[in-house]
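Chemist: In my numbering, the protein residues as written are 2 to 186.
This structure is in structure tokens; I'll ask about it shortly.
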Amino acid sequence: MDKKIIVITGASGTGKTTISKYLQDTYHIPSVITHTTRLPRAGEKSGIDYYFETKESFAKNHYLEKVEYSGNWYGSSEESLNKTWEKYDAASIVVDTKGAISYKEKYGKDAVVIFLEVDLETVTKRLESRGDEKHRLKARINSDEFQRDLQIPSELSGKCYKIINKNIEKTKENVNKILKIEKIG
2 MDKKIIVITG
12 ASGTGKTTIS
22 KYLQDTYHIP
32 SVITHTTRLP
42 RAGEKSGIDY
52 YFETKESFAK
62 NHYLEKVEYS
72 GNWYGSSEES
82 LNKTWEKYDA
92 ASIVVDTKGA
102 ISYKEKYGKD
112 AVVIFLEVDL
122 ETVTKRLESR
132 GDEKHRLKAR
142 INSDEFQRDL
152 QIPSELSGKC
162 YKIINKNIEK
172 TKENVNKILK
182 IEKIG
């Protein structure tokens, strides 16, 4: 059996983490642990929440995607995915659309890309309810990355599943259908 990576992508506030957690809770599909050079927050543990790295150790991995944010690096590595695949036949990862393209290019049919979409009004409400400050929220929504992640990039056109996440129960049903089609779980 082929190992699968379920790549969950879309703009901020579309429900990517919720779907990743659903896959974990319902199908026991773990999410790939990503790497960061930021310091652990209270209660976070290395190897569970992230692999906490120094700039030097971070540089030694092979990343499918990485990003620098507020002076810290974040990334998902082939090493971490392979470690997950040693124990499980499927794993999930939450990435932006640029990251999703990298996974699809590297893993082809073994990368099952789910693009979550929500209208701007709903996303704005969700981000507000998370407690994002108004000026930060506005900056985020107007950022190039956020705008880019609102639609399926041409590189993934016809190569991914699109779910409009207006209703979480309906979204979960759609995820279940995708797993059936892909013979996962």
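Every residue gets a Cβ at the ideal spot worked out from N, C-alpha and C, and that includes glycine.
Short of 7 Å in beta carbon distance, which residues of its chain neighbour Gly-159, apart from the five on each side in sequence? Order them along the chain.
Modeler: So the list is empty, once near-sequence residues are dropped.
Chemist: With a cut-off of 8 Å on the beta carbons, I'd call Ile-102 and Pro-154 a contact; round off their distance for me.
Modeler: Indeed they touch by this definition, with Cβ atoms about 6 Å apart.
Chemist: Have a look at Tyr-51 and Thr-35 and give me their C-alpha separation to the nearest angstrom.
Modeler: Those two C-alpha atoms are separated by around 5 Å.
Chemist: Helix or strand or just coil, what does DSSP make of Leu-117?
Modeler: Leu-117 falls in the strand class under three-state DSSP.
Chemist: Looking at the structure shown, is Ile-30 part of a helix, part of a strand, or coil, going by DSSP?
Modeler: If DSSP states are grouped into helix, strand and coil, Ile-30 belongs with coil.
Chemist: Which residues in the same chain have their Cβ closer than 8 Å to the Cβ of Val-33, if we skip the five residues on either side of it in sequence?
Modeler: Around Val-33: Ile-6, Ser-77, Ser-81, Leu-82, Thr-85, Ala-92, Ser-93, Ile-94.
Chemist: Could you give the DSSP three-state label for Ser-130: helix, strand or coil?
Modeler: Looking at Ser-130 - three-state DSSP - the assignment turns out to be helix.
Chemist: Looking at Lys-178: is its Cβ nearer than 8 Å to the Cβ of Val-119?
Modeler: Against a cut-off of 8 Å, the Cβ pair of Val-119 and Lys-178 comes out as no contact.
Chemist: Do you know how far the Cα of Asp-3 is from the Cα of Tyr-108?
Modeler: Their backbone Cα atoms lie some 11 Å apart in a straight line.
Chemist: Can you tell which of Tyr-64, Glu-45, Ala-43, Arg-39 has its C-alpha closest to the C-alpha of Lys-56?
Modeler: Out of Tyr-64, Glu-45, Ala-43, Arg-39, Arg-39 has the C-alpha closest to the C-alpha of Lys-56.
Chemist: Quick check on Tyr-70: buried or exposed, where buried means 16 or more other Cβ atoms within 10 Å of its Cβ?
Modeler: So Tyr-70 ends up on the exposed side.
Chemist: I'd like the list of long-range same chain contacts for Glu-66, defined as Cβ closer than 7 Å, with 5 residues on each side in sequence excluded.
Modeler: Answer for Glu-66: Gly-76, Ser-77, Val-96, Lys-99, Gly-100, Ser-103, listed in chain order.
Chemist: Quick check on Tyr-89: buried or exposed, where buried means 16 or more other Cβ atoms within 10 Å of its Cβ?
Modeler: With fewer than 16 other Cβ atoms within 10 Å, it is exposed.
Chemist: Alpha carbon to alpha carbon, what distance is there between Ser-13 and Glu-156?
Modeler: Spanning the two alpha carbons is a distance of roughly 20 Å.
Chemist: Classify Leu-180 as buried or exposed, calling it buried when 16 or more other Cβ atoms lie within 10 Å of its own Cβ.
Modeler: Leu-180 is buried by the Cβ-count criterion.
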